[in-house]
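To start, the structure itself, in structure tokens.
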Amino acid sequence: MIEHEDQTPCASRVETLISKVMAEHPSKTQAAQHDYFEAVHQQLAPLARELELENEVLRAELVAAKAAGEYHANQTCEVTKAYQSELDALKGKEPLFWVRLCGDGTYEGPIHNAHIEPVRKRSGAWIPLVMIDSVIPPAPEGALPDRDQSKPAEQHGLFRKFVVSRTDGSDAPGGKHHGCRYFVLDVDHDQHASAALSAYATAREATHPALAKDLREKWGAPLPVAQPTPSVPDEAREWVMAAIAQALGNAYDCTRVWEAWSYGTMDEDDFSLIAEDSDRLREIADAAIMAMGASAPKPDAA
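Numbering-wise (the numbering used here), the sequence shown opens with residue 6 and increments by one.
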């Protein structure tokens, strides 16, 4: 392939040359016109010859590609055949609007089909816009059943209602999230969606505080109501802590959140012996005493 020092498109280069010659010969006299056409010929001739040489090289490359089997003249035809049924279906539809694409990247229109002139339709410059049918992909294997239209909503369990796709494309075959399951909440019509989001925000508060904050601010999921913590007598707490430590023996407590389990990064530092962890024992003891209430055992009754 010939590479030019000037990579400007041919049409722009021709226009530049003509403008340059016109600026050099502004007079309208017969002599000036003669000089103008002679200058145009002299300056465009080298460009024309250069383009002829480039065409010769392109023809040679095409012949070589065909001989090497790297070029298939029927590629475009095969692609067209693959979509022929779709094209035929579109041809049979009544256009809604017509547009004309302009060379500068803009477009003219749209003009409603009822208002566009027949001559524009036949010109080939105007493109018809048609309404295509919504295509719902088939349900994957093991998916929920479709809705039974014969039943009212209150008699339905889980059913397939939405088609969800990820904006990053990772749900495509071979992607990280291909085949993942999703549960969609309608926050505008489902009166229980806010409560569900509130519970989810609370569960993610420690690990994803920004997400929990956004859920509450955007979807109105309220903060959980803080429950008053009843006071636990120190004597009762110490007695229950000792009993729990004795019952658990050499049991260990994991100090990391459950999301970390799947990453294979846990080591000995992520576990602690509960009997030696006074803070953890205190939490368990207080929870046990509050849960049992008045029925909690008393030290003097042991």
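Glycine included, every Cβ here is placed at the ideal spot set by N, Cα and C. Because the structure is a prediction, the values reported are computed rather than measured.
Between the options, which has its C-alpha nearest residue i's C-alpha?
i    : options                : result
R285 : I294, D173, P115, M246 : M246
E281 : G254, E55, M295        : G254
E240 : R287, G179, Q251, Y257 : R287
G308 : A130, K126, H117       : Not covered by the structure: residue 308. The range shown for the chain is 6 to 307.
E99  : T111, H161, H117, N60  : H117
I249 : E55, A293, H183        : A293
I279 : T21, P238, H197, Q251  : Q251
Y187 : V169, A256, S203, E61  : V169
F167 : K126, G174, S175, D151 : D151
G184 : D193, V192, G174       : G174
D193 : K223, A215, A208       : K223
Considering residue i, what are the terminal residues of the alpha helix (DSSP H) in which it resides?
i    : result
V124 : 123-128
I116 : Premise fails: I116 lies in the beta strand (DSSP E), 112-117, not in any alpha helix (DSSP H).
P100 : Element bounds for P100: n/a, residue is neither H nor E.
P214 : 214-224
L335 : Because the chain is modelled from 6 through 307, residue 335 falls outside the range shown and cannot be assessed.
L253 : 239-253
T207 : 198-208
Cβ atoms of residue j and residue i: under 8 angstroms apart, would you say?
i    : j    : result
A177 : R165 : no
R221 : D291 : no
A201 : L190 : yes
S199 : G225 : yes
D258 : S283 : no
H161 : R171 : no
E210 : A204 : no
Check for me: the beta strand (DSSP E) holding residue i runs from which residue to which?
i    : result
S277 : 276-278
L134 : 131-134
I think residue i touches residue j, with their Cβ atoms under 8 angstroms apart; what is that distance to the nearest whole Å?
i    : j    : result
L134 : P115 : 7 angstroms
### Task
Indicate whether the contact test is met: 3 or more Cβ pairs, each with one atom in the stretch 113-122 and one in the stretch 97-105, closer than 8 angstroms.
yes
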